[in-house]
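Residue numbers (my numbering), protein chains in the order written: chain C, 1 to 287; chain P, 1 to 287.
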């Protein structure tokens, strides 16, 4: 075999046994157990800076943009006027960075449970934490689940940028989370939640999509390429209170000038459409 | 860090330093140096059987179908009548398996340089090597580059299913290989070659696409999700002698009945279209 040296970090997760991704570390920038999870930041030889929570890669400097842009602009561009947005999770600031770029968004509320992730991201991941500087943003440290219980009919879009369903994010993949989100939406509102991949977590994809379908008159699954995530992609479940929504057709199409001004590196209106196109083996299963 | 145990295999390649994919091995089924390369087959705990050439994963039982179907049906379904097809490489038999399913294909010629890969695939990878049993197929062991020099204006489609551009496949990524392929095509002919990914090998993608554009009046780049390849996807360069071809619109659209009959697990006409949709950061670079 071909053993890795001591300066390599290997992701290890019970969700994906038998296969793993590893990267070479130049420097351990942070390594600390927070109240909720183990928070690590590495400087690497090929991926730039990398945030790891409880042993699982959350984002790398090389490819984080595809995740942040997709989870943000799929729901925002499906909505006719997404003025007020709630972000649950997203402690690195990357989703706030993208949502704040959208010309129709006036107000962003973010609820992240782990203050340590925010603090560490501000210190070591400024290319994402720049999102916290948006004048549109109000940032709360707390439990997103509890926050939703106290805020009814308030948001046009709710984006759940959670870690995987082990650890502090478990409740964000359960059916009553979708019930709560629905109640917190204004009429015509849309939710978008991280939801695993068809290659590694098909059970998670189908259960999350089923929970969403039970609460929302329209629901769908989409995905983005993120090379450093297991299977090289990540998926999202979207639900809408508008039963006539056509998820794969954005209501707002950015011009090339807007793409440049917004510094979009992944998302465009063709990518939006393609994000909903599924391989044959799951196309009929999920539709 | 999190070192892997002795029964894990880690891919190691100078093309992608600093990051690697590893899998747990249940059994080493084959390990031999052929005339051209190191040929290994593993039985694994999570990916089924895996073929490795010179230390690089070629295909896994879990996800090989997305590669084989895409490299085959993108060019075949762009052609109005792909009666005669040449496969260069493809020693595992997977591309022959897919090409032989296409209803318009009457004759397939395949040229694989390494007889050992064919032999080992027949023994350990029957789910792919089944392609060699097609009555449409004539299989030659030899150098695809040399074969093309002796066969002019003979094929409607040429598919190059090569390993990466180190080792025996180097010549298949050079400009004069595209010159040779062009000469071997009938009028309206199409080529499709494995060509790296936008995430890890952008230089290879652009150089291969440039070589293709110099020889063909129409050329484009597409990709498929293959979780066990570096970056979780693989790309293809397509060239056509028909300057008016619209690559992203298949001329032949399979019905659901045909998809089932052909046992398509990845390819469908929407996937065909989506395969050509590029993220913003490379969309303008490659077009």
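Don't be surprised by glycine CBs; every beta carbon is placed ideally from N, CA and C.
Residue 271 (chain C) sits close to residue 279 (chain P), with the two beta carbons spaced by under 8 Å. If one requires a minimum length of 3 residues, the beta strand (DSSP E) runs lying completely within the segment 44–106 of chain P are 49–53, 56–60, 84–89, in chain order.
In the three-state reduction of the DSSP assignment, residue 248 (chain P) falls in the coil class, being assigned neither a helical nor a strand state. With contacts defined by Cβ atoms closer than 8 Å, residue 95 (chain P) and residue 68 (chain P) form a contacting pair.
Within chain C, the residues placing a beta-carbon under 9 Å from that of residue 47 (chain P) are 18, 19, ordered along the chain.
Residues of the same chain with a CB within less than 6 Å of the CB of residue 116 (chain P), apart from the 5 flanking positions on each side, are 34, 39 in chain order. Runs of the alpha helix (DSSP H) lying entirely within the segment 216–281 of chain P and spanning at least 4 residues, in chain order: 256–261, 269–274. When 7 Å is used as the limit between beta carbons, residue 283 (chain C) is near these residues of chain P: 268, in chain order. Within the segment 167–197 of chain C, the runs of alpha helix (DSSP H) that reach at least 4 residues and sit entirely inside it are, in chain order, 175–184. Below 8 Å, enough C-beta pairs join the segment 85–103 of chain C and the segment 119–135 of chain C to call them touching: three or more.
Under the three-state reduction of DSSP output, residue 33 (chain P) falls in the strand class.
In the DSSP assignment, residue 157 (chain P) falls within the beta strand (DSSP E) that extends over 155–161.
At a cut-off of 8 Å, the C-beta of residue 232 (chain P) has a neighbouring C-beta in chain C.
Between residue 167 (chain C) and residue 37 (chain C) a beta carbon distance of about 5 Å is seen, short of the 8 Å cut, so the two are scored as contacting. Take the alpha-carbon of residue 269 (chain C) and the one of residue 88 (chain C): they are about 25 Å apart. Within chain C, the C-beta atoms nearer than 9 Å to that of residue 63 (chain P) come from 199, 231, in chain order. Closest by C-alpha distance to residue 233 (chain P), out of P:131, P:217, P:276, P:252, is P:276. For residue 134 (chain C), no beta strand (DSSP E) segment is defined, and its DSSP state is neither H nor E. Cα atoms of residue 156 (chain P) and residue 137 (chain P): separation of roughly 15 Å, rounded to the nearest angstrom. Residues of chain C with a Cβ closer than 7 Å to the Cβ of residue 264 (chain P) are, in chain order, 280.
At a cut-off of 8 Å between C-beta atoms, residue 66 (chain P) counts as an interface residue with respect to chain C. In the DSSP annotation of this structure, the continuous segment of the beta strand (DSSP E) that includes residue 10 (chain P) starts and ends at 8–10. Residue burial is scored here from C-beta neighbours: residue 176 (chain P) has fewer than 16 other C-beta atoms within 10 angstroms and is therefore classed as exposed. Scanning chain C for C-beta atoms nearer than 7 Å to the C-beta of residue 160 (chain P) yields nothing, as the closest lies near 23 Å away. At a cut-off of 8 Å between beta-carbon atoms, residue 208 (chain C) makes no contact with chain P. Put simply, the backbone Cα of residue 282 (chain C) is about 30 Å away from that of residue 219 (chain P). Excluding its 5 nearest sequence neighbours in each direction, residue 262 (chain P) has C-beta neighbours in its own chain below 6 Å: 101, listed in chain order.
In the three-state reduction of the DSSP assignment, residue 22 (chain P) falls in the strand class, which pools E and B.
For residue 277 (chain P), at least one C-beta of chain C is nearer than 8 Å to its own C-beta.
The Cβ atoms of residue 170 (chain P) and residue 209 (chain P) lie no closer than 8 Å to each other. Shown here for residue 63 (chain P): same chain residues with a beta carbon closer than 6 Å to its own, the five before and five after excluded, namely 226, 227, 228 in chain order.
Partner residues in a beta bridge of residue 283 (chain C), as assigned by DSSP, do not exist. Of all alpha-carbon atoms in C:15, C:21, C:6, C:13, the one lying nearest the alpha-carbon of residue 9 (chain P) is that of C:21.
P:50 is the residue among P:109, P:19, P:50 whose C-alpha sits nearest the C-alpha of residue 29 (chain P).
Contacts with chain P at 8 Å (Cβ-Cβ) do not include residue 56 (chain C). At a cut-off of 8 Å, the C-beta of residue 44 (chain P) has a neighbouring C-beta in chain C.
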